[in-house]
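The sequence shown begins at 31 in my numbering and counts up by one.
We treat Cβ as the ideally placed atom computed from N, Cα and C, and that holds for glycine.
As the structure is a prediction and not an experimental result, all values here were calculated from the model.
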Amino acid sequence: MKHRIIDLGMLYFGKFGALAVGFFLMPAYSYYLGPASFSTVAFILSLVNAAVTLDFGMSTIIGRDSSDSTISNDKKYKQFLASQFLVIFFYLSVFSIVAIYSFLFQKGDLGVKISFLSVILIMSSLIQNISVSYLNGIKEFKISGSLIFLSVTLRGVISLLVIKYIDNNIISFMSAQSIIGLLFSLIFMLLPSRLDKEIKINNRWGGFFEPSIYIKFLLPLVKKGFPLLFMGVSATLVMQFDKIILSYYASDATLSAYYLAFTFSTIPILAIAGPIKQYFQPHIVSYLTQNNVLYRKNSIVFFWCLIVFVAVPSALGYSSLYQILSIWLGNNELIDKVDFFSHILLPAFVLGAISYFPSVLLVVAEDYRFQSVFAIITSIIFVFLLFILAISSNVRFIPWLFIGYFCVVILFCSIRCFSLTKVNLCIFDMVKNSPFAILIIALSYWVGNIVSAMIF
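1) Comparing C-alpha positions only, which one of A420, A405, I130 sits nearest to V438?
2) Look at the alpha carbon of L147 and the alpha carbon of V323, and state the distance between them as a whole number of angstroms.
3) Could you compute how far the alpha carbon of L248 sits from the alpha carbon of S113?
4) Measure how close the beta-carbons of G360 and F436 come, nearest whole angstrom, since I'm counting them as under 8 Å.
5) Hey, I160 and D85: beta-carbon distance below 8 Å or not?
6) Alpha carbons only, please: which of V413, K194, A420, S423 is nearest the one belonging to G434?
7) Just to confirm the assignment, what range does the alpha helix (DSSP H) spanning N328 have?
8) Return the CA-CA distance between A483 and Q308, expressed in angstroms with no decimal places.
9) Return the CA-CA distance between K106 and V390, expressed in angstroms with no decimal places.
10) Identify every run of the alpha helix (DSSP H) within the region 144-232, keeping only runs that are complete inside it and at least 4 residues long; order them along the chain.
11) Can you confirm whether the region 285-302 touches the region 364-383 when touching is taken to mean that 3 or more C-beta pairs between the two stretches lie within less than 8 Å?
12) Since N199 and S67 are thought to touch, with beta carbons under 8 Å apart, how far apart are those beta carbons, to the nearest angstrom?
13) Suppose contacts are defined by Cβ-Cβ distances below 8 Å. Is I168 in contact with S96 by that definition?
14) Between which two residues does the alpha helix (DSSP H) holding I457 run?
15) With a 10 Å radius around its C-beta and 16 neighbouring C-beta atoms as the bar for buried, classify K277 as buried or exposed.
16) Assuming G87 contacts L285 under a Cβ cut-off of 8 Å, what Cβ separation, rounded to an integer in Å, is found between them?
17) Assuming I470 and I384 make a contact with CB atoms under 8 Å, what is their CB distance in whole Å?
18) With a 10 Å radius around its C-beta and 16 neighbouring C-beta atoms as the bar for buried, classify S126 as buried or exposed.
19) Indicate whether the contact test is met: 3 or more Cβ pairs, each with one atom in the region 38-55 and one in the region 176-185, closer than 8 Å.
20) Just verifying my parser: in three-state terms, what is the DSSP assignment at Q320?
21) Over what stretch of residues does the alpha helix (DSSP H) that includes D366 continue unbroken?
22) Using the C-alpha atoms, what's the distance from S316 back to D98?
23) Curious, which full-length beta strand (DSSP E) runs of at least 3 residues does the region 260-285 contain?
24) So the candidates are Q270, L191, K143, G255; which of them puts its Cα closest to the Cα of I201?
25) For I407, which of V368, I274, M261, R446 has the nearest alpha-carbon?
26) Answer yes or no: do I92 and K254 have a C-beta to C-beta separation smaller than 8 Å?
27) For the alpha helix (DSSP H) containing L55, list its first residue and its last residue.
28) Please report the distance separating the alpha-carbon of L267 from that of S145.
29) So is L122 buried or exposed if we call it buried at 16+ other beta carbons inside 10 Å?
30) L355 and V368 - do their beta-carbons sit closer together than 8 Å?
31) Could you give the uninterrupted runs of the alpha helix (DSSP H) lying entirely in the region 83-112, keeping only those of 4 residues or more?
32) By the three-class DSSP mapping on this structure, what secondary structure does D397 have?
33) Looking at G347 and G186, is the spacing between their C-beta atoms short of 8 Å?
34) Around the C-beta of Q353, are 16 or more other C-beta atoms found within 10 angstroms, so that it is buried, or is it exposed?
Next up, the structure:
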C-alpha cells in the first residue's frame, strides 16, 4: 500500500509543477514581456496545447500496450520508438510547409523563426507525453513524475530568467522554452532503453537509428492510431472552441470571466483526476491481460478514487464557491460573473472526471473505432449547439452544454462497455456502486452547505 501511495504521489508531484508554473509564472511573463508580446505568447502556447492532442493517438496506444502483459518488452519499446519517429516526421513536415509559405508570401524572418520554435516546442511536448505514457505503462511512476516536474519547472524558470535578464522579446522566450523542451525530450526518448535489459538494441542511441524498426512497426501504428487522431481533434474542439466563439460574440468582460471560471473549474479533471487515471489504467490493463481477477478490484478502486478525491471535495466546497473565488481573485470586478459560470462549470467537469472511468475501460478493451466515431458525432453536435447559443446571445447557457456533453459521454460509453466482454464486469461493478456514490456526494454537499452557513 505504501508503495502505491508513493507512486500516485509522484504523479501528483509532476502535475504540481505544471500548475505552479501556470499560477506563479504566467503573471511574471506578462509583466516582463508586456501586454502585446504576452498576448502573442499566450496565443502561441494555446496553439501548442491544442497541437499536443494531435499525436495520432500515440500516447493512448503506447500507454495501453506498454502495460499489456501479452506483449513482449522488446516489442513495446520498438512500438515506442516508432511512435516517436512518426510524431517527429509529421511535425517537421508541417514546419517545412509553413516555412516555405512564409518565405514565399510573407517575406518575414520573424514568422519563420516563431514557427520553427513552436514546432520544436510541440514536438518536445509530444515526445514527453508519449514517453510519460510509456513509463507509466511499465509502472515507472516515480521516474515519470520526477521528470515531468523537472522539465516543466526548469523550462518555466529559465524562460523567466531569460526575459528578465537577457532580452524580453518573443524570440528569446520561445527559444528558452524550445531549447529546454528539446533537451528533456532527448532524455525522455533515451531513458526507457536504459530501464529494461531485455530490450534488444544495436546502438547506444536506444535503437532510434534502426530503420528496420520503423519499417516493421510504423504502418500498423498509423492504422491503429488513425481513428484516435479524430478523437484528439474532437477533444480540442470541445475544450477550446468555446473560447474562440465567445471572443467574437461576447463582451471582453464576459469572455474574461468565462475564461477564469473555466480555468478554475477544470482543476478537478486536469489536476486531480488526471494522475488518478494515469495510475490506474496501466494496472487494469496489466492485470486483465494476465487474467488476474485483481483487474476488477483495481477498476472499482479507480472509480471510488474519482468519487472520493474529485466529486466529494467539489461537493463540500460548492456552497462556499463565491468565498473560494474571492480568495483566488481578490477584489475583482468580474467575480460575480466568474461565480455564475463556475457554479455550472464545476459540476460539469466533475462529471468529466467521472467519465474517465468508462473511457479508460474502452481504451483497455482497445475499442478505438467506437471512441473515434462517438467523439466525432458528439463534438459536431456540441459545436453546433455552441454556435447557436452564441449567435442568439444566450452565452449564459453555454456552460450547460458541458454538463450535457459529459452526461452523454458517461451514458453511451458505459452502455458500450456492457457489450465488451473484456470490461463488462467492471462497468457492472460501477453501476452497483453508483447509488452509494451518489448518496455520499449528496451528503458531502449537505455538510458543505452547513459548514458554509456557519463560517460565512
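Looking at the coordinates:
1) Comparing Cα positions, the closest option is A405.
2) 48 Å
3) 7 Å
4) 31 Å between Cβ atoms; not a contact.
5) yes
6) V413
7) Segment 324-336, the alpha helix (DSSP H) holding N328.
8) 37 Å
9) 20 Å
10) 171-195, 200-220
11) Enough Cβ pairs lie closer than 8 Å, so yes.
12) 6 Å
13) yes
14) 454-485
15) Checking the displayed sequence, the identity of residue 277 turns out to be Ser instead of Lys. Under this definition S277 is an exposed residue.
16) Not a contact, Cβ separation roughly 32 Å.
17) Not really, about 13 Å apart at Cβ, beyond 8 Å.
18) exposed
19) The region 38-55 vs the region 176-185: in contact.
20) Q320: coil per DSSP, three-state reduction.
21) Taken as a continuous stretch (DSSP letters only), the alpha helix (DSSP H) holding D366 covers 365-384.
22) If you take the alpha carbons of D98 and S316, they lie about 5 Å apart.
23) none
24) K143
25) M261
26) no
27) Where L55 is concerned, there is no enclosing alpha helix (DSSP H), given that its DSSP letter is neither H nor E.
28) Straight through space, the alpha carbons of S145 and L267 are spaced by roughly 22 Å.
29) exposed
30) yes
31) As far as the region 83-112 is concerned, its whole alpha helix (DSSP H) runs of at least 4 residues are 88-95.
32) coil
33) no
34) exposed
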